[in-house]
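Numbering (this note's numbering), first residue to last: 11 to 395.
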């Protein structure tokens, strides 16, 4: 009996060892819109991810192309993003190693059509959606050991020519945006080390790439607009997207964009502001990111219209569940208001009167307790209590 018991225990021990063994890696074929995300780790190590779906789709190209999302409901957008797993592998940002992986990432970033990849990794995790702080959300992380492109990417000739130039990143970004490349595409190229002086290029986290591109673009826009004639009219434009309201107020003056935000929470209304050129105001980090993206859309429109004006953006967030959509929602909302049928008024007094009737929520909420003029040191000249 004792011998039989010993054999049974040995069998149980063998079974436990088998169950505790790590999953064997396997080859996985996936399809990228294309999409890239670079996240911080411990510098010089960064985590590079290719956003890709294991399910082929005829609509794959719009999964990471927000400019194509006009008219889509919120759940459709989140469903697309949930399907994009993050196939993740570490890279050395300083040395740009391993070189084969870096070359593959840069090729995907340059592609203007979906790319098929083959990776080696463990079984796919459950399909979930995760926020990426200042970016669009994406699916679960899949740790991989290798990545190979198995289709023929369609490389843009314009982008390839520009990234081969030995010019500052700000100038390269301006050229790409002038050719109607999207902010997302330009930030992707910067994050994989394809913009800037040839001897100084590095991989950088994608969130930082967005910030760098926007700041450089706004600075160049201010230079371009200072030579334009100042607008003489007052205008109001409005839009609503997924429950968030955007009201834009144009007035004559030197080019500038101020961003005001109210978010409805369970505790009431939370207010924050980002005033251009004013550095003595403590702005919440989330508001700073949203303001950057709002300014990008606003300045891109002002440059296209050759218009020098001061623009104030009022953003009312009714539902904080929209935060998962990241700053894209602000860009889309501002663009919607810029493209709306705007109300044109002849005097500031009339403009403010109309603004008070259109602003959501009511003007009293924006100026609750103290006027915005008092709150922000007298620098807010648009709405007067």
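By construction, the Cβ of each residue, glycine as well, lies at the ideal position given by its N, Cα and C atoms.
Check, Outcome
"With a threshold of 7 Å on Cβ separation, who are the neighbours of residue 117 within its own chain once the five nearest residues in sequence on each side are excluded?", "159 and 163"
"Name, in chain order, the residues that DSSP records as bridge partners for residue 369.", "Answer is none; residue 369 lacks a bridge partner."
"Below 6 Å CB to CB, which residues in the same chain sit around residue 211 once its five sequence neighbours on both sides are set aside?", "203"
"Can you list, in chain order, the residues of its chain whose CB lies under 6 Å from that of residue 220, leaving out five sequence neighbours each side?", "197"
"Rounded to whole angstroms, what's the CA-CA distance from residue 230 to residue 182? Just pull it up for me.", "12 Å"
"Output yes or no for whether 7 Å exceeds the beta carbon distance between residue 131 and residue 153.", "yes"
"Which word fits residue 329, buried or exposed, when buried means at least 16 other C-beta atoms lie within 10 angstroms of its C-beta?", "exposed"
"Verify whether the separation of the beta carbon atoms of residue 343 and residue 256 is less than 7 Å.", "yes"
"Measuring CA to CA, which of 355, 101 and 253 is closest to residue 54?", "101"
"For residue 175, does the count of other Cβ atoms within 10 angstroms reach 16, so buried, or fall short, so exposed?", "exposed"
"Candidates 66, 71 and 50: which alpha carbon is nearest residue 44's?", "71"
"Can you tell me whether residue 143 is helix, strand or coil according to DSSP?", "coil"
"Check residue 32 in the structure and name its three-state DSSP category.", "Any answer about residue 32 is weak, because its pLDDT of 48 lies below 50 and its placement is not dependable; what the coordinates show is given next. Looking at residue 32 - three-state DSSP - the assignment turns out to be coil, as it is neither helix nor strand."
"Helix, strand or coil: which one does DSSP assign to residue 209?", "helix"
"Take residue 61 as the anchor and find which of 319, 99 and 79 has the nearest alpha-carbon.", "99"
"Please report the straight-line C-alpha distance between residue 282 and residue 267, rounded to a whole angstrom.", "15 Å"
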